[in-house]
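Heads up, the thing below is written out as structure tokens.
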Amino acid sequence: MDSIIDFCNTRVVLKVGDITKEKADAIVNAANSRLLGGGGVDGAIHRAAGPSLLEECRKIGWCDPGDAVVTGAGNLSARYVIHTVGPVWRGGTKNEQKVLENAYMSSLKRAMEKKAKTVAFPAISTGAYGFPVELAAPTSLCTIRSFLKAHPNVLKEVRIILFNQKILEGFKKAMKDCFP
Ligand code: AR6
Numbered sequence: 015m016d017s018i019i020d021f022c023n024t025r026v027v028l029k030v031g032d033i034t035k036e037k038a039d040a041i042v043n044a045a046n047s048r049l050l051g052g053g054g055v056d057g058a059i060h061r062a063a064g065p066s067l068l069e070e071c072r073k074i075g076w077c078d079p080g081d082a083v084v085t086g087a088g089n090l091s092a093r094y095v096i097h098t099v100g101p102v103w104r105g106g107t108k109n110e111q112k113v114l115e116n117a118y119m120s121s122l123k124r125a126m127e128k129k130a131k132t133v134a135f136p137a138i139s140t141g142a143y144g145f146p147v148e149l150a151a152p153t154s155l156c157t158i159r160s161f162l163k164a165h166p167n168v169l170k171e172v173r174i175i176l177f178n179q180k181i182l183e184g185f186k187k188a189m190k191d192c193f194p
């Protein structure tokens, strides 16, 4: 079942799904620094959006871990794709948690700059980059909470699209701690 709460006039929604099927003003991509596409959600977003996405990404050329850049959304049901780069998990020794926080924070700032009202995120870094879900979930959700607290009434909805039930359960557990 979906999980929905209201915080500072923004709805925060957790649901299982394929992010390429979402209708939102902005869809966040878990990209890599080269911005040339890849596997996982990145590959799915590029396939669904079509070639204009890669063209725009090529022009931008690079995104540091923790930063985020914006392109159009091609054939997706969105106005923007926000490409962010999460940390590669290296056992927790390389500031990974901070970089993951920065990735969410940068993405939300880019969304706000573009006046997006609804934003859909995947669970950044929890696939190929190997960040454990039990730590990624509270890190991601508590960062979203900090942003919403600092910027109330700006976003209408933040949706986190989890690819399977197991990841959804991890995020639901963290929801209780981050949004008590
Ligand atoms: N919709 C929602 N979530 C998805 C989808 C989808 N269509 N497909 C996968 N996921 P990953 P990362 C989930 O590996 O860990 C790429 O090659 C997946 O189950 O996509 O940040 C990039 O180019 C997982 O929970 O991203 C980078 O090189 C989450 O999305 C690298 O992978 C993130 O998994 C980035 O790795």
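Residue numbers (this note's numbering): 15 to 194.
Even for Gly, the Cβ is constructed at its ideal location relative to N, Cα and C.
What are the start and end residues of the beta strand (DSSP E) that includes Thr153?
The sequence position of residue 153 within the sequence shown is 139, counting from 1. From DSSP, Thr153 is part of no beta strand (DSSP E) but of the alpha helix (DSSP H) over Val147 to Ala164.
Note down the Cα distance separating Leu176 from Asp32, rounded to an integer number of angstroms.
The sequence position of residue 176 within the sequence shown is 162, counting from 1. The sequence position of residue 32 within the sequence shown is 18, counting from 1. So the alpha carbons of these two residues sit roughly 8 Å apart.
CB-CB length for Pro166 against Asn23, believed under 8 Å
For the purposes of this step, residue 166 is taken as the residue at position 152 of the sequence shown. For the purposes of this step, residue 23 is taken as the residue at position 9 of the sequence shown. Between Asn23 and Pro166 the Cβ distance is about 6 Å, and since that is below 8 Å, they are a contact.
Check for me: the beta strand (DSSP E) holding Glu171 runs from which residue to which?
As a position in the sequence shown, residue 171 is number 157, starting the count at 1. Run containing Glu171: Glu171 to Leu176, per the beta strand (DSSP E) assignment.
My understanding is that Glu115 touches Thr85, with C-beta atoms under 8 Å, so please give their C-beta distance in whole angstroms.
Your numbering for residue 115 matches position 101 in the sequence shown. Your numbering for residue 85 matches position 71 in the sequence shown. That belief does not hold up - the Cβ atoms of Glu115 and Thr85 are roughly 23 Å apart, past 8 Å.
What residue range is occupied by the uninterrupted alpha helix (DSSP H) comprising Ile74?
Position 60 of the sequence shown, counted from the first residue, corresponds to residue 74. Pro65 to Ile74 is the span of the alpha helix (DSSP H), which, as asked, contains Ile74.
Which residues bound the alpha helix (DSSP H) around Leu50?
The residue given as residue 50 occupies position 36 in the sequence shown. Careful: Leu50 lies outside any alpha helix (DSSP H) and carries neither H nor E.
Within 10 Å of its beta-carbon, does Thr34 have 16 or more other beta-carbons around it, so buried, or fewer, so exposed?
Within the sequence shown, residue 34 is the residue found at index 20, counting from 1. Buried: at least 16 other Cβ atoms inside 10 Å.
Taking the alpha-carbon positions, what's the Lys123 to Phe21 distance?
Along the sequence shown, read from residue 1 onward, the residue named residue 123 stands at position 109. Along the sequence shown, read from residue 1 onward, the residue named residue 21 stands at position 7. Each residue's Cα considered, the two are about 17 Å apart.
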